[in-house]
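A.B. asks:
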Amino acid sequence: EMHYLKDYRPFDFELKSTGLDVSIHGTFVDVTARLVMERRQDGDVQAPLFLHGEDLEILGIWLDGRLLAPREFLQDGQGVTFFDVPVSFELVTKVRIFPDTNTALEGLYRAGSMLCTQCEAEGFRKITFYPDRPDVMAPFHVRIEADRSLFPVLLSNGNPVKNETLPGNRHAVCWEDPFPKPSYLFALVAGDLACQKDFFRTADGRDVQLAIYTEHENANQCEHAMVSLKKAMTWDEDVFGLSYDLDMYMIVATNDFNMGAMENKGLNIFNSKYVLARPETATDGDFEGIESVIAHEYFHNWTGNRVTVKNWFQLSLKEGLTVFRDQQFTADMQSASVKRIQDVRSLRARQFPEDAGPMAHSVRPEAYLEMNNFYTATVYDKGAELIRMIHTLTGPENFRSGMDLYFARHDGKAVTCEDFVAAMEDASGADLSLFRLWYAQAGTPVLHVTTDWDEGKGRLTLHLRQDIPDTPGQKNKKPMVIPIRTAFFSRSGEQVLLDYRGKKDKEFLLVLRSKEESFVFDGVSLPVVPSLLRGFSAPVRLRIPLNTEELAVLLAWDSDPFNRWEAGRMLVERTFRQLVEDHRAGRSMVVPEDVIAAFQAVLENADQDPALAAEILNMPSEGELYHLLAAEKIAVNPLMVHEVREFFLDALARPLKTLWERTWYACRTQGAYVFRAADVSKRRLKNLSLFWLSRFPDTGFGWVERAAEEASCMTDRMAALQLAAHFHEEGSRRMLLDFEREFAQDALVMDKWFQVQALSRRENTLARVEELMGHPLFSMKNPNKVRALIGAFASGNPFRFHRKDGAGYAFLAERVLELDGLNPQVGSRMVSILNAWKTFEEPWRSEMKKALMHIRKKEGLSSDIREVVDRALA
Ligand code: ARG
Ligand code: ZN
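Shown next as structure tokens:
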């Protein structure tokens, strides 16, 4: 059933309190819910009471203590309706659920030896009958009872208030969460778990107990997560004046989890990928991921939990804002410029295509069939860009006042994106009325820029125009507010002082508010190179005609590191486009000398900023190049993209060979592994050198072997292993075998082992992936394994996935059908890979479509997968 924003109505009842009694037995769990409710006088006084509930076996329902007969309520697949309830009453329901057979990993489910929950967005209704909507909030009291040996640890939200010892080796623990919360923030964990403890003293002097729970064998892998948590707590106090509110903050790590992590009040549940780390088993990327996801979930305590969402259309209210906060945090902890570059790269690789495809939706969507399908790059990452633009338009101090006002107004409430914008507007005095369109209009605006220089008058005019593409269900859109940070450079690289509306400055914030507008600068006596959209100040596609010489100036001299990187990207993309033209016209391809020289200069000066150099010299993937072509309405031919990119990489590699060798030596770090920015960037540049060196046919494999031999941390091991996996079978077989033998016991490390093989560029990769599905450690029931093998192959290895014979697509379709019966949420992510089918050339296009049609044929397809497939084929 479709849900529409325009149909939103508040709940007709008020939920005063929620009591849960959860009794865990061998193969089932009995849940008794005690709901104290009152009819709202401002609501519909006739309205029946409807409670959500799915897959629940009813054991009994009592209204004010009286057991109801089955004819006194109506149960269907969605829940239960009571037609006759008094003004105020207590409803008790007792149901039985079966976590052992819950493979969807939503609601209460078994994860190894523990039981745990995932309720966002609508999983609570699989635990008990309830008004499972985020605008219904209540204080929770939870009692959990279980066998003491199997489940010595029993956790829920808030504070533990009571322990009971019971006959038959059973025990019970009671938890009380004083902060009223919606059901999606409920959590429960039961298991035999190890606990790492610490504490944090808040700015106002309260001690908070910190605890990270894991399976016993991973107890020694929590230190980095704990350090990250304390950093995040300190940062939120320093930057936003926000302190933690309960006496305990708990994190549980599980291997079976549909996504990254979940911010349940006081009891976060995490994919163990974002908790566990030590240098021998985790890469720099893993360490970074943990630091940022731990922070993200912690920041949700204010942006998400204390102030939550009124309905799921407002998801970006908490996700966009919290992503923005975690991005700012990482920028402060690590390298701000690298973080920005990586985020923009991922926005372009994931969100821009989404915005141009069949699932395009606005940051505040208007309709959904399955809410789980809207935890998207648009809601999260474009949502964060909207917050960033507000930050840019209001300025940091006003932004902070806006946040303060937002909490002052809405603490303890369920609100909307509009409420956030209004608080920002009221606190800053800025007029954001037009800006609100960003929440409502989907599609990535294209910003066209041309320049006019009147040398005689010393006057430069920038002509700006925006076009917003149509998206499914949205046509003829209105112009948006686009903040454009702008500076100018001389041909020799100085940032020049210009006159704009009577004000002299080196950087300007231009704000485009209409379809077209010109901006006039005076005092331009020499030719200048414009540096626009600095720091990526708006999520748009910038079209500006700069030539190689101008791009080389920005690449070498721009004072904004993001725009240095961006100039490099523009240079590569232009070159690639030219090569594609040549290839299609049957001309011989040539990479211009000045392009090579520009990148050579970056490498020669890499020691000035190794982290930035590594980003600039890391070339676009084939997937990124597909998006580039698709955005220009050029149908993608995967074979051609591969060939042209390889040609380009070879042309760039050859003249730089000795420089790369020198860089590799220069970046070797001595001593024990430490996760700190300086070492991370050196390793990144060293392993990038290895990538380039591995491309030389005669010496390449020798370099990889040598790097593998001297690798002493997982970052270096994985870099070498990945490159080795691209080579001939004999080369990598021994390395892979050794690796497997060493880490067979460690599920997270084995994910890397599967992934490396799924990403191999060798011709038989599809066959190898199929073979690996039979490996004893692989399981379709474990989302991390599915992502590591099938997800990595289908979305991280486009060259081998997009086979001309369609075998890759047929393989994916079968896996999606399998997941449809096991875990629709994960299945839906997998099928989305086919969303871009219309951007491909024949025969790829038809083969992808065929796979989608094959999936659609299945009867009783889950709403998750059906929604994506229907929209893709519409
Ligand atoms: N709120 C969680 C987070 O961003 C993610 C929940 C995702 N839920 C889902 N059904 N996909 O931190
Ligand atoms: Zn989140």
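Using the working numbering, you'd call the opening residue of the sequence shown number 927 and step up by one each time. Every residue gets a Cβ at the ideal spot worked out from N, C-alpha and C, and that includes glycine. These figures come from a predicted structure and were not determined experimentally.
For the ligand ZN, list every residue whose C-beta falls under 6 Å from any of its heavy atoms, going in chain order.
C.D. replies: This criterion selects His-1222, His-1226, Glu-1245 and Thr-1248.
A.B. asks: Should Met-1185 be counted as a contact of the ligand ARG given a C-beta to heavy atom distance under 7 Å?
C.D. replies: The residue labelled residue 1185 in the question sits at position 259 within the sequence shown. Result yes, Cβ under 7 Å from the ligand ARG.
A.B. asks: Please indicate yes or no: does the CB of Ala-1047 lie closer than 7 Å to some heavy atom of the ligand ARG?
C.D. replies: The residue labelled residue 1047 in the question sits at position 121 within the sequence shown. Checking the Cβ of Ala-1047 against the ligand ARG gives yes.
A.B. asks: Would you list the one or two residues that DSSP bridges to Glu-1141?
C.D. replies: By 1-based counting over the sequence shown, the position of residue 1141 is 215. Its beta-bridge partners do not exist; DSSP assigns none.
A.B. asks: Return yes when at least one heavy atom of the ligand ARG lies under 7 Å from the C-beta of Tyr-1825, else no.
C.D. replies: Any question about residue 1825 goes unanswered here, given that the chain covers just 927 to 1800.
A.B. asks: Distance, Cα to Cα, Leu-1505 vs Ala-1798?
C.D. replies: Indexing the sequence shown from 1 puts residue 1505 at position 579. Indexing the sequence shown from 1 puts residue 1798 at position 872. When rounded, the distance between both Cα atoms is 31 Å.
A.B. asks: To the nearest angstrom, how far is the alpha carbon of Leu-941 from that of Phe-1066?
C.D. replies: Taking the first residue of the sequence shown as position 1, residue 941 is located at position 15. Taking the first residue of the sequence shown as position 1, residue 1066 is located at position 140. So the two alpha carbons sit approximately 11 Å from each other.
A.B. asks: Between Met-1515, Glu-1442, Leu-1081 and Val-1233, which has its C-alpha nearest Ala-1334's C-alpha?
C.D. replies: Residue numbering aside, residue 1334 sits at position 408 when the sequence shown is read from its first letter. The shortest Cα separation from Ala-1334 among Met-1515, Glu-1442, Leu-1081 and Val-1233 belongs to Val-1233.
A.B. asks: Following a CB-centred definition, is Tyr-1301 positioned closer than 7 Å to any heavy atom of the ligand ARG?
C.D. replies: Your numbering for residue 1301 matches position 375 in the sequence shown. Yes, the Cβ of Tyr-1301 comes within 7 Å of a heavy atom of the ligand ARG.
A.B. asks: Out of Ile-1316, Asp-1330, Leu-1388 and Glu-1668, which one is the CA nearest neighbour of Arg-1362?
C.D. replies: The count along the sequence shown starts at 1 and reaches residue 1362 at position 436. Of the listed residues, the one whose Cα sits closest to Arg-1362 is Ile-1316.
A.B. asks: The alpha helix (DSSP H) spanning Met-1661 covers which residue range?
C.D. replies: In the sequence shown, the residue the question calls residue 1661 occupies position 735. That run of the alpha helix (DSSP H) goes 1655–1669.
A.B. asks: Can you tell me where the beta strand (DSSP E) with Ile-1177 in it begins and where it stops?
C.D. replies: Locating residue 1177 in the sequence shown gives position 251, counting from the first residue. Element bounds for Ile-1177: 1174–1180.
A.B. asks: Short check: CB of Gln-1253 to CB of Ala-1310, under 8 Å?
C.D. replies: Within the sequence shown, residue 1253 is the residue found at index 327, counting from 1. Within the sequence shown, residue 1310 is the residue found at index 384, counting from 1. Result yes, Cβ atoms of Gln-1253 and Ala-1310 sit closer than 8 Å.
A.B. asks: Can you determine whether any heavy atom of the ligand ARG sits closer than 7 Å to the C-beta of Asn-1298, and answer yes or no?
C.D. replies: Here the question's residue 1298 lines up with position 372 in the sequence shown. The answer is yes for Asn-1298.
A.B. asks: Out of Cys-1343, Leu-1319 and Ser-1788, which has the shortest C-alpha to C-alpha gap to Ser-1354?
C.D. replies: Within the sequence shown, numbered from 1, the residue matching residue 1354 stands at position 428. The option with the nearest alpha carbon to Ser-1354 is Leu-1319.
A.B. asks: For the ligand ARG, is there any heavy atom lying closer than 7 Å to the beta carbon of Met-1285?
C.D. replies: Reading the sequence shown from its first residue, position 359 is the one you call residue 1285. Incorrect: Met-1285 has no Cβ contact closer than 7 Å to the ligand ARG.
A.B. asks: Please determine whether the Cβ atom of Glu-1189 lies at a distance below 7 Å from any heavy atom of the ligand ARG.
C.D. replies: Here residue 1189 refers to the residue found at position 263 when the sequence shown is read from its first residue. Checking every heavy atom of the ligand ARG against the Cβ of Glu-1189, one is found closer than 7 Å.
A.B. asks: Specify the secondary structure class of Trp-1228 as computed by DSSP and reduced to three states.
C.D. replies: The sequence position of residue 1228 within the sequence shown is 302, counting from 1. Of the three classes helix, strand and coil, the one that applies to Trp-1228 here is coil, per DSSP.
A.B. asks: Rounding to the nearest angstrom, what Cα-Cα distance links Val-1087 and Cys-1100 in this structure?
C.D. replies: If you number the sequence shown from 1, residue 1087 lands on position 161. If you number the sequence shown from 1, residue 1100 lands on position 174. If you take the alpha carbons of Val-1087 and Cys-1100, they lie about 6 Å apart.
A.B. asks: Answer with buried or exposed for Leu-1452, where buried requires no fewer than 16 other C-beta atoms within 10 angstroms of its C-beta.
C.D. replies: Working through the sequence shown from its first residue, we reach residue 1452 at position 526. The residue in question, Leu-1452, is exposed, as its Cβ has fewer than 16 Cβ neighbours within 10 Å.
A.B. asks: Which value, in whole angstroms, describes the spacing of the CA atoms of Val-1606 and Ala-1493?
C.D. replies: For the purposes of this step, residue 1606 is identified with residue 680 of the sequence shown, where counting begins at 1. For the purposes of this step, residue 1493 is identified with residue 567 of the sequence shown, where counting begins at 1. One C-alpha to the other measures close to 24 Å.
A.B. asks: Just to confirm, are Arg-1290 and Ala-1366 a CB contact at a threshold of 8 Å?
C.D. replies: Locating residue 1290 in the sequence shown gives position 364, counting from the first residue. Locating residue 1366 in the sequence shown gives position 440, counting from the first residue. Contact flag set, yes.
A.B. asks: Could you tell me the boundaries of the beta strand (DSSP E) in which Cys-1100 lies?
C.D. replies: Working through the sequence shown from its first residue, we reach residue 1100 at position 174. 1096–1107 is the span of the beta strand (DSSP E), which, as asked, contains Cys-1100.
A.B. asks: Under 6 Å Cβ to Cβ from His-962, same chain only, skipping five residues before and after it: list those, please.
C.D. replies: Counting from one through the sequence shown, the residue named residue 962 turns up at place 36. A small fix is needed here, since residue 962 is Val in this sequence, not His. These residues qualify, in order along the chain: Lys-942, Ser-943 and Glu-1016.
A.B. asks: Among Lys-1711, Pro-1057 and Leu-1692, which one has its Cα closest to the Cα of Pro-936?
C.D. replies: Translated into positions along the sequence shown, residue 936 becomes position 10. The shortest Cα separation from Pro-936 among Lys-1711, Pro-1057 and Leu-1692 belongs to Pro-1057.
A.B. asks: Less than 8 Å between the CB atoms is what I'm expecting for Cys-1639 and Pro-1205, so what's the real figure, rounded?
C.D. replies: Walking along the sequence shown from the start, residue 1639 turns up at place 713. Walking along the sequence shown from the start, residue 1205 turns up at place 279. Yes, they are in contact, since the Cβ atoms of Cys-1639 and Pro-1205 sit about 5 Å apart, within 8 Å.
A.B. asks: Per the DSSP calculation, Phe-1015 is bridged to which residue(s)?
C.D. replies: Numbered from 1 along the sequence shown, position 89 holds the residue referred to as residue 1015. According to DSSP, which records beta bridges pairwise, Phe-1015 is partnered with Met-963.
A.B. asks: Tell me whether Ala-1598 is buried or exposed, calling it buried when 16 or more other Cβ atoms sit within 10 Å of its Cβ.
C.D. replies: Within the sequence shown, the letter at position 672 stands for residue 1598. When all chains shown are included, Ala-1598 counts as exposed.
A.B. asks: Extract the residue ranges of the beta strand (DSSP E) inside the segment 1253–1285, only unbroken runs of 3 or more that lie entirely within it.
C.D. replies: Counting only runs of 3 or more, we get nothing.
A.B. asks: Based on Cα-Cα distance, which residue from Phe-976, Val-1264 and Asp-1345 lies nearest to Ala-939?
C.D. replies: Position 13 of the sequence shown, counting from 1, holds the residue named residue 939. Checking the displayed sequence, the identity of residue 939 turns out to be Phe instead of Ala. Nearest option by C-alpha distance: Phe-976.
A.B. asks: Report the partner residues of Cys-1042 according to the DSSP bridge assignment.
C.D. replies: In the sequence shown, counting from the first residue as 1, residue 1042 sits at position 116. Cys-1042 is bridged to Tyr-1035 and Val-1115.
A.B. asks: Among residues of its own chain, excluding the 5 on either side of Ile-1759, which ones have a beta-carbon nearer than 6 Å to its beta-carbon?
C.D. replies: The residue given as residue 1759 occupies position 833 in the sequence shown. Here the set comprises Ala-1720 and Ser-1721.
A.B. asks: Please classify Val-1264 as buried or exposed, where buried requires at least 16 neighbouring CB atoms within 10 angstroms.
C.D. replies: Numbered from 1 along the sequence shown, position 338 holds the residue referred to as residue 1264. Buried.
A.B. asks: Confirm, please, whether the CB-CB distance from Ile-1195 to Met-1188 is below 8 Å.
C.D. replies: Counting from 1 along the sequence shown, the entry for residue 1188 is found at position 262. Counting from 1 along the sequence shown, the entry for residue 1195 is found at position 269. Yes, they are a contact pair.
A.B. asks: Would DSSP call Ser-1607 helix, strand or coil?
C.D. replies: For the purposes of this step, residue 1607 is taken as residue 681 along the sequence shown, with counting starting at 1. Of the three classes helix, strand and coil, the one that applies to Ser-1607 here is helix, per DSSP.
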